[in-house]
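One structure below.
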Amino acid sequence: MDFTVKEHYDFSDLLALTKALRAPDGCPWDSVQTHASVRRNFIEEVYEACEGIDQDDPAHLCEELGDVLYQVAFHADIEREAGRFTMDDVVDGICKKLVARHPFLFADETADTADDALDRWDNVKRSLNGYRTHTQAMDNVSRTLPALWRAEKLLGKAEKAGLKRENAQEAVEAMEACTRSLRRDLEAGKAGAEALGDALFAAADAARLLAADPEELLNQALERFISRFDKIEREAADRGKTTNELSPGELADCWKNKER
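By the count of our numbering, the sequence shown reaches residue 419 at its end, each step adding exactly one.
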């Protein structure tokens, strides 16, 4: 393999190693991968890096950022081989974007606060992307985002267009209206999926208006669910049973007790 083993490596070594691994005489697995085949790997590595942030674990974060960086190098090397762009183009592009979107640093605009800076960023983005309407800006929000995050971003853009609820109470009332519609659909023998989706959307707006991350709130609820279920399993074990062996009434009582 055309690569030199060292005591310490830098960014150029990462690019050289990526190229070597993907070469015909390199790693049999790396050499046959495509953008599509490693797409999920990319997503998973980013989430694992976020876990390092959540845990405030610098060693974990350092390792996972390396995995993310390798994914970037890997995809860029696929394009280098195809002759469409290189890592240099990726670096050049992001540097130019950062300079263009900070006119208060590199041009004659000003921004005294973080909100000012964000407004300048959004204005430049809209201008450079040629958005003429708020709908175009909404349509550009990535559809691969988790749905709750996408909802939060869309609602934020709608607010800039003048469409917003005044407070979280209004969002909760919208949730309740959607729930009533869902109940009517179910009573009429309908699936009720649309009403349920609208209720989730209203819930995302309630979280946004409470200045909370809807994904984080749901994940916290999932952690509480796991904790409660663990207690139920332990209680069942104390009775010499599994949760499957508890009667529906026993299981319901256990669940109610653990929800308190």
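Ideal Cβ positions, reconstructed from N, Cα and C, are used throughout, including at glycine.
query                                                                                                                                                       : result
Kindly indicate which three-state DSSP category residue 169 falls into: helix, strand or coil?                                                              : coil
Measure the CB-CB distance between residue 372 and residue 366 and report whether it falls below 8 Å.                                                       : yes
Residue 259 and residue 227 - do their beta-carbons sit closer together than 8 Å?                                                                           : no
Does the Cβ of residue 236 have 16 or more other Cβ atoms within 10 Å, making it buried, or fewer, making it exposed?                                       : buried
Touch check for the region 280 to 300 and the region 327 to 336: three-plus C-beta pairs under 8 Å?                                                         : no
Between the Cα of residue 375 and those of 307, 264, 222, spot the shortest distance and give me the residue it belongs to.                                 : 307
Quick check on residue 318: does DSSP put it in helix, strand or coil?                                                                                      : helix
I'd like the list of long-range same chain contacts for residue 280, defined as Cβ closer than 6 Å, with 5 residues on each side in sequence excluded.      : 260
Assuming contact is defined by CB atoms lying nearer than 8 Å, are residue 270 and residue 263 in contact in what I supplied?                               : yes
In terms of alpha-carbon separation, which member of 368, 189, 353, 245 lies closest to residue 318?                                                        : 368
What ranges does the beta strand (DSSP E) occupy inside the region 352 to 386, keeping only unbroken runs of at least 3 residues that lie completely in it? : none
Buried or exposed for residue 233, please, with buried defined as at least 16 other CB atoms from any protein chain shown within 10 angstroms of its CB.    : buried
How far does the alpha helix (DSSP H) with residue 281 in it reach, from first residue to last?                                                             : 273 to 288
State the Cα-Cα distance for the pair residue 230 and residue 248, rounded to the nearest angstrom.                                                         : 16 Å
Could you pull the start and end residues of the alpha helix (DSSP H) that residue 200 belongs to?                                                          : 198 to 213
In angstroms with no decimal places, state the Cα-to-Cα distance between residue 331 and residue 377.                                                       : 16 Å
According to DSSP, is residue 348 helix, strand or coil?                                                                                                    : coil
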